[in-house]
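Beneath this line is the structure, given in structure tokens, with notes to follow.
Protein chains: 2
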Amino acid sequence: MNRRLTTRGKERRAQLMEFAARRFAENGYHPTSVAEIVDGMRVGKGVFYWYFSSKEELFLEILAEAQRGLRRRQQQAIMEAEDPVRRIELGIRASMEWLSANRHLGSLFQFAASEERFAPYLRRGQDVAMADVVRHVQEGIATGQVRDADPVMLAHAILGVTNHLARTFLFERDDPAGPVADAAVSFCLEGLLGSRVLA
Amino acid sequence: MNRRLTTRGKERRAQLMEFAARRFAENGYHPTSVAEIVDGMRVGKGVFYWYFSSKEELFLEILAEAQRGLRRRQQQAIMEAEDPVRRIELGIRASMEWLSANRHLGSLFQFAASEERFAPYLRRGQDVAMADVVRHVQEGIATGQVRDADPVMLAHAILGVTNHLARTFLFERDDPAGPVADAAVSFCLEGLLGSRVLA
DNA sequence: AGGAATCTTGACCGGGCGGTCAAGAGACTC
DNA sequence: GAGTCTCTTGACCGCCCGGTCAAGATTCCT
């Protein structure tokens, strides 16, 4: 839906996205009806279809914006270091903090991953972030800091740890992001066994 | 729904669960209608409601049975060793193989985790498996094999790696379970840095 | 002021949903 | 072969869903 929007219009649109995102996260995408959204916002149904051409489009836009937000945060954090391993660490910490501040959007990622209709859109964004991590891992292997293993595999493992720890401790238990990020970082670097003294 | 079922009845029930599980995994739970299921099975709608009191109940039963299957496989594998770290490794490998052979059920877990209505049921089963892993981690810490960190955190990290790697490489890319399990195990034990020579 | 563009309303629609049920078909018992 | 229990059919129900639209309000431009 490409409409010319005034400032007021853009605000309304943003409000709708924000409200819908929270309803989707709490209730699920399918169980949340358009009627529920417009009633919750105390507007007529036409408002919804003025700003979005369908419920699905709304969801996709929420998803895309969330991915942009997360990515922005990651890149901003990563800039602060040159060392590849340090960059990975900063990326994990940034993700954890963003997920902590945007739990509902984290749930939406999870849902999108579970629905074949939405998974491709989720992936498109994820692949970009993954490429970064893979690059850092490759650099780390080149400098001898990281053990020699499939970089793609390692990058996915990092992502798996971060996401799962976020879900479990941030979303379910409302733990603060800092300590969870510490745990994710040390697990990703040292695994279970550990050994090396960190610089 | 507790009915006396004949052998034929039990088979029919199992067929319905199997078929529905695959449809749910491919299409999503909500988008798959009861009509679609009974049409696909070429039976009347009454058959469905003879064996299940609702669509939701069917899903819950599929979920519970899948969890029982996975757990059985894990326990069977774990029995083969005494060493806690080795047990963890065997658990990861068993999970990976089960997930490889039951991809559709893996997707269902993922969906269940994303829907608040189903998440508690999923968790109930997951907690049992988690408790095992936590115990092994604790033992590993006690014997000095595993670095001293929050066992619950470590256990969740292991689960996160296993699940994410399974999703990415088993479900999406149809990779064989063995190598993916190898990667999961070595990442969980050594992390990115590696260092220690494995026994 | 007045016309155009942006925004809002809410009744309405067709359709598909989960679920019901009266009727009957088979299988098994005695 | 009468009676009982298991199983099957598919038309049917009420509901609510995503989406439409004619009408009107508000804001903006000149």
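One line per chain: the protein sequences are A and B, in this order. Last residue of the first sequence: 207 (my numbering), numbering continuous. Last residue of the second sequence: 207 (my numbering), numbering continuous. The beta carbon of each residue, even a glycine, is placed where N, CA and C say it ideally should be. Every value quoted in this text rests on a predicted model; they were computed, and no experiment measured them.
Excluding five sequence positions before and after residue 170 of chain B, the CB atoms of its chain that fall closer than 7 Å to its own CB belong to 100, 103, 104, 192, given in chain order.
Between residue 158 of chain A and the set A/141, A/173, A/118, A/22, the nearest pair of CA atoms involves A/141. When DSSP states are grouped into helix, strand and coil, residue 181 of chain B belongs to the coil group. For residue 37 of chain A, no alpha helix (DSSP H) run applies, since DSSP gives it neither H nor E. Counting along the chain, the unbroken alpha helix (DSSP H) around residue 99 of chain A starts and ends at 92-109. Runs of the alpha helix (DSSP H) lying entirely within the region 151-181 of chain A and spanning at least 4 residues, in chain order: 159-173. In the pairwise beta carbon analysis, the region 138-154 of chain B is classified as not touching the region 153-167 of chain A: fewer than three pairs are separated by under 8 Å. Counting the other CB atoms within 10 Å of its CB gives residue 187 of chain A a total below 16, which places it among the exposed residues.
The beta carbons of residue 44 of chain B and residue 31 of chain B sit closer together than 8 Å. Rounded to the nearest angstrom, the gap between the Cα atoms of residue 132 of chain A and residue 180 of chain B is 14 Å. Around the beta carbon of residue 109 of chain B, a 10 Å sphere encloses fewer than 16 other beta carbons of the protein chains shown; the residue is thus reported as exposed. Any Cβ of chain B closer than 8 Å to the Cβ of residue 195 of chain A would place that residue at the interface, and such an atom is present. Between residue 29 of chain A and residue 115 of chain B, the alpha-carbon positions lie close to 23 Å from each other. Nearest C-alpha to residue 98 of chain B among B/107, B/86, B/175: B/86.
Our two residues, residue 96 of chain A and residue 51 of chain A, have alpha carbons roughly 45 Å apart in a direct line. Within the model, the alpha-carbon separation for residue 14 of chain B versus residue 73 of chain B is close to 20 Å. Cβ proximity to chain A below 8 Å picks out 145, 148, 153, 154, 155, 157, 158, 161, 162 from the region 145-162 of chain B. Bounds of any alpha helix (DSSP H) do not take in residue 51 of chain B, whose DSSP letter is neither H nor E.
The beta carbon of residue 61 of chain B sits closer than 7 Å to those of 9, all from its chain and outside the five residues before and after it, given in chain order.
The beta carbon of residue 64 of chain B sits closer than 7 Å to no other beta carbon from its chain once the five residues preceding and following it are set aside.
The Cβ of residue 82 of chain A sits no closer than 8 Å to any Cβ of chain B. The beta carbon of residue 191 of chain B sits closer than 8 Å to some beta carbon of chain A. Residues of the same chain with their beta carbon placed closer than 7 Å to that of residue 161 of chain B are lacking, with the five preceding and five following residues left out of the count. In this chain, the alpha helix (DSSP H) harbouring residue 77 of chain A covers 63-86.
DSSP places residue 148 of chain B within a helical segment (H, G or I) once states are collapsed to three.
The DSSP-derived three-state label of residue 186 of chain A is helix. Residues of chain B whose Cβ lies closer than 7 Å to the Cβ of residue 169 of chain A are, in chain order, 165, 168, 169.
Residue 62 of chain A does not reach chain B, its nearest Cβ partner there being about 15 Å away, counting only Cβ pairs nearer than 7 Å.
Just measuring C-alpha positions, the residue of B/94, B/113, B/24, B/16 sitting nearest residue 147 of chain B is B/94. Cβ neighbours of residue 25 of chain B within its own chain (closer than 8 Å, five residues either side excluded): 66, 69, 70, 73.
Residue contact with chain B for residue 201 of chain A: present (Cβ-Cβ distance below 8 Å to some residue of chain B).
Ranking B/177, B/201, B/144 by CA distance to the CA of residue 92 of chain B puts B/144 first.
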